[in-house]
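Novice:
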Amino acid sequence: ATDLWSVRVFLAEVAPGSTVPLEPAGNTSLNPGSLLDLSWPRGSLHAEGPPDELDEDVQLEVLRLLAKTDGDLILGETKSRVAAAITRALSQGATSTASTLLLRRGEARLATGDDAGARDDLTEALKCGGSDATSRKVLNLLVRLTASLGELDEARGLAEREVTIAEDLAGRLGTPESQRDLSISLDNVAAIRRARGDLDGAETAYTRSLTIREDLAGRLGTPESQRDLSISLNNVAAIRRARGDLDGAET
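Residue numbers (the working numbering): 5 to 255.
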């Protein structure tokens with residue numbers, strides 16, 4: 005049976021930095037509009053690699069659109085401008101730009117409660133084949149969305165794809181940001197495994213995430229890294245308690 009409480013905890017805690025409140029126990033409703041991963045900056049046209057070759061007017065229009073608020077992106081004239089920019093980017097072979105615009109619009113739709121529209125945008129963004137960093141962000145949101153809908157088989161496959169990309173980025177870039185992204189992706193996998201009843205697999209993923217966050221907290225010493233570490237320690241302790249390992253939960 006689906007462990008909806010584990011999914012709910014996952015949605016609230018998997019992205020440190022988010023202000024999504026934890027729902028009270030006993031409330032089995034999930035809010036797909038609260039699934040944003042706030043651990044990465046909005047508005048960046050390219051997360052890695054050189055920019056697409058675009059006409060200058062298209063580049064300027066894309067930058068203006070990416071700076072819009074969630075509400076503006078999906079309403080009125082701006083809504084039409086976003087659709088036109090995506091079409092123009094694709095017509096010029098600028099798949100990375102199109103993917104980024106679709107990601108941003110999908111994020112805006114999630115924030116405003118249009119999870120069906122968001123799912124369409126995020127799925128299309130993956131098909132565009134943008135940068136690895138953009139694809140990881142798209143997958144992160146899709147994992148949250150599908151998990152909130154109880155589609156755990158779909159969420160598991162997406163989460164595993166996200167980890168594969170995050171591992172590659174962390175290996176190539178080696179930055180604290182890429183390492184933290186990997187830890188978030190591992191938490192995604194762990195939460196899905198726990199919700200599916202795979203407690204051993206969940207502990208393995210949570211423990212890998214904890215190792216990364218211990219290293220980051222030791223190197224950075226920032227309040228954010230310490231908060232991440234605290235969340236990972238709680239995750240590992242909780243999964244050990246669920247497995248009946250009370251001694252391990254206390255260590």
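The beta-carbon is built from N, C-alpha and C at its ideal position, and this holds for glycine as well.
1. Assess contact between the segment 150–163 and the segment 176–187, defined as three or more Cβ pairs (one per stretch) separated by less than 8 Å. Is contact present?
2. Can you tell me which of the three DSSP states residue 59 falls into?
3. Assuming residue 141 is part of the alpha helix (DSSP H), what are its boundary residues?
4. Could you work out which residue in 208, 109 and 143 is closest to residue 73 when comparing CA atoms only?
5. Indicate the three-state DSSP secondary structure (helix, strand or coil) for residue 247 in the structure shown.
6. Go ahead and pull the three-state DSSP assignment for residue 78.
7. Looking at the structure shown, is residue 183 part of a helix, part of a strand, or coil, going by DSSP?
8. Just the Cα atoms here: how many angstroms apart are residue 66 and residue 165?
9. What ranges does the alpha helix (DSSP H) occupy inside the segment 195–249, keeping only unbroken runs of at least 4 residues that lie completely in it?
10. Counting pairs of Cβ atoms below 8 Å between the segment 185–197 and the segment 129–145, do you hit three or more?
11. CA-CA distance, residue 313 and residue 214?
12. Judging by CA-CA distance, which residue of 86, 64 and 230 is the nearest neighbour of residue 105?
13. So which of 150, 130 and 139 has the shortest CA-CA distance to residue 169?
14. Taking the alpha-carbon positions, what's the residue 197 to residue 206 distance?
15. Can you give the Cα-Cα distance for residue 233 and residue 222, rounded to whole angstroms?
16. Can residue 102 and residue 90 be called in contact, C-beta distance under 7 Å?
17. Are the Cβ atoms of residue 156 and residue 199 separated by less than 7 Å?
Specialist: If we stick to the structure as given:
1. Put simply, the segment 150–163 does not touch the segment 176–187. Fewer than three CB pairs are less than 8 Å apart.
2. If DSSP states are grouped into helix, strand and coil, residue 59 belongs with coil.
3. Annotation for residue 141: the continuous alpha helix (DSSP H) segment containing it runs 136–152.
4. A check of alpha carbon separations from residue 73 across 208, 109 and 143 identifies 109 as the nearest.
5. Residue 247 carries a coil assignment under DSSP once its states are collapsed to helix, strand and coil.
6. Of the three classes helix, strand and coil, the one that applies to residue 78 here is coil, per DSSP.
7. Here residue 183 carries a helix assignment [DSSP, helix/strand/coil].
8. The C-alpha of residue 165 is placed about 28 Å away from the C-alpha of residue 66.
9. Taking only runs of at least 4 residues, the alpha helix (DSSP H) segments lying wholly in the segment 195–249 are 203–224 and 227–246.
10. The segment 185–197, when compared against the segment 129–145, does touch it at the 8 Å Cβ threshold.
11. Residue coverage of the chain in this structure runs from 5 to 255, which leaves residue 313 outside it and unanswerable.
12. Comparing alpha carbon positions, the residue from 86, 64 and 230 closest to residue 105 is 86.
13. Taking the Cα of residue 169 as reference, the smallest distance to any Cα among 150, 130 and 139 is reached at 139.
14. Taking the straight line joining both Cα atoms gives about 5 Å.
15. Rounded to the nearest angstrom, the two C-alpha atoms are 10 Å apart.
16. Yes, these two residues count as a Cβ contact at 7 Å.
17. Taking the C-beta atoms as reference points, residue 199 is found nearer than 7 Å to residue 156.
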